[in-house]
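So for the sequence shown, the numbering used here puts the first residue at 1; every next one is plus one.
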Amino acid sequence: MELTTPQLGRGWQYATYFALSLVVLIFVVVLLPSSSAYFRRFFGKMNAIIVTVVAAILGAVSLWVLQSHYEFTLFRGGMTLRGIVLSAAFATVLGVAIVVADLIIRYPQDTNVPVPQALLFYPAVGFVAEIVFHILPLTLLLFVLSPLEGRLGSERIVWLSIVLVAVVEPTFQVLFGEKAFTWGAVYTWVHVFAIAFLQLYVFRRFDFVSMYSFRLFYYAYWHILWGVIRLKVLF
Numbered sequence: 001m002e003l004t005t006p007q008l009g010r011g012w013q014y015a016t017y018f019a020l021s022l023v024v025l026i027f028v029v030v031l032l033p034s035s036s037a038y039f040r041r042f043f044g045k046m047n048a049i050i051v052t053v054v055a056a057i058l059g060a061v062s063l064w065v066l067q068s069h070y071e072f073t074l075f076r077g078g079m080t081l082r083g084i085v086l087s088a089a090f091a092t093v094l095g096v097a098i099v100v101a102d103l104i105i106r107y108p109q110d111t112n113v114p115v116p117q118a119l120l121f122y123p124a125v126g127f128v129a130e131i132v133f134h135i136l137p138l139t140l141l142l143f144v145l146s147p148l149e150g151r152l153g154s155e156r157i158v159w160l161s162i163v164l165v166a167v168v169e170p171t172f173q174v175l176f177g178e179k180a181f182t183w184g185a186v187y188t189w190v191h192v193f194a195i196a197f198l199q200l201y202v203f204r205r206f207d208f209v210s211m212y213s214f215r216l217f218y219y220a221y222w223h224i225l226w227g228v229i230r231l232k233v234l235f
């Protein structure tokens, strides 16, 4: 662990997590009646409310394990602001990069959920994505690799796991995309891998809240701001 700043007590950290989970759940409940088709694009036939609740519970358990055994942090208090600033900087660079790529590659017209639904939709699915693509795989992989800690050391195992987990989301996006084997798909894979790795770096150095804020900033650029502009510029 790079930072040794005192953390908030676990009670406050998990109060923050469950408050965040509740807000996300409210977003899903409010949006679902009018936007079920958008949720089906991500969750298939599964009920979005159930998916969100299960993800929040599994996320809490996984974060407890990561915090107890590998010194990850859920919410660092004052230090979280530094993590959020770093996340905003990373997200801005990558947001510009994906806009430039979109001008060249031309992602599908219906890539983004329209505003105003997007304002509730992306924070909700982004929270679930953090659990599904980052927190759960990282916890499981660290468990699988734990026998190697004696030879390699705990910190090396953590960073090896971070690199491997960063592969999950880009691979999922490319394999389940419309065109999996194109130069556009190659760029998408590299781009999403960079996002995932930097998010996990922020998680390791700061906390979960900072990592989640990274996705919120990026979604604000790509899915919301550019999502509105691209429909007028590209189509």
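Cβ coordinates follow ideal geometry from the N, Cα and C atoms, glycine included. The model shown is predicted, which means the values in this text are computed figures rather than measured ones.
Would you kindly check if the distance between the Cβ of residue j and the Cβ of residue i is under 7 Å?
i      : j      : result
Val54  : Ala124 : no
Trp222 : Ile105 : no
Glu169 : Val192 : yes
Tyr218 : Gly95  : yes
Phe75  : Leu66  : no
Phe235 : Gln109 : yes
Ile49  : Val28  : yes
Ala91  : Phe214 : yes
Gly184 : Asn112 : no
Phe197 : Ala166 : yes
Phe121 : Leu31  : yes
Gln117 : Ser36  : no
So for residue i, helix, strand or coil by DSSP?
i      : result
Thr139 : helix
Arg156 : helix
Glu71  : coil
Gly77  : coil
Arg106 : coil
Ala88  : helix
Glu2   : Legend: pLDDT at Glu2 = 46, less than 50; position of this residue unreliable, value from coordinates given subsequently. Glu2 falls in the coil class under three-state DSSP.
Gly11  : helix
Val190 : helix
Pro170 : helix
Pro123 : helix
Thr198 : A small fix is needed here, since residue 198 is Leu in this sequence, not Thr. If DSSP states are grouped into helix, strand and coil, Leu198 belongs with the helices.
Trp209 : Reading the sequence as shown, one finds Val at residue 209 and not Trp. Helix at Val209.
Thr182 : coil
Pro147 : helix
Thr16  : helix
Phe203 : helix
Gly95  : helix
Gly177 : coil
Val115 : coil
Phe235 : coil
Who are the Cβ neighbours of residue i in its own chain at under 8 Å, not counting the five residues just before and after it?
i      : result
Leu145 : Ile157, Leu160 and Ser161
Glu136 : It is worth fixing the name first, because residue 136 is Leu in this sequence and not Glu. Excluding positions up to five away in sequence, the list reads Leu58, Gly59 and Ser62.
Phe208 : Tyr17, Leu63, Phe72, Thr73, Leu74, Phe75, Glu130 and Ile135
Leu148 : Ile157
Can you name, in chain order, every residue of its own chain whose Cβ lies under 6 Å from the Cβ of residue i, other than the five neighbours on each side?
i      : result
Thr16  : Phe75
Ser210 : Thr80, Gly83, Ile84, Ser87 and Val202
Phe39  : Ala48
Tyr107 : none
Gly9   : none
Closer than 7 Å by C-beta to residue i: which residues in its own chain qualify, once you throw out the five before and the five after it? Chain order, please.
i      : result
Ile195 : Leu94 and Tyr218
Ala88  : Phe217
Gln173 : Thr188 and Val192
Glu2   : Any reading at Glu2 needs caution, since the residue's pLDDT is 46, under 50, leaving its predicted position unreliable; the model's value is listed next. Closer than 7 Å at Cβ, skipping near neighbours: Arg205.
Val51  : Phe43 and Val128
Ile131 : Ala55, Leu58 and Gly59
Thr4   : Note that Thr4 scores 48 on pLDDT, short of 50, meaning its location in the model is unreliable and no value can be drawn from it.
Ser21  : Ala56
Kindly examine the ligand FMN and report whether one of its heavy atoms sits closer than 6 Å to the Cβ of residue i.
i     : result
Ser34 : With respect to the ligand FMN, the structure shown offers nothing to examine, as it has no ligands at all.
Can you list, in chain order, the stretches of the beta strand (DSSP E) that have 3 or more residues and sit fully within the segment 34-62?
Every candidate beta strand (DSSP E) stretch fails here, since none sits fully inside the segment 34-62 while reaching 3 residues.
Output the residue ranges of the beta strand (DSSP E) runs that lie fully inside the segment 209-233 and measure 3 residues or longer, sorted by chain position.
As far as the segment 209-233 is concerned, it has no whole beta strand (DSSP E) run of at least 3 residues.
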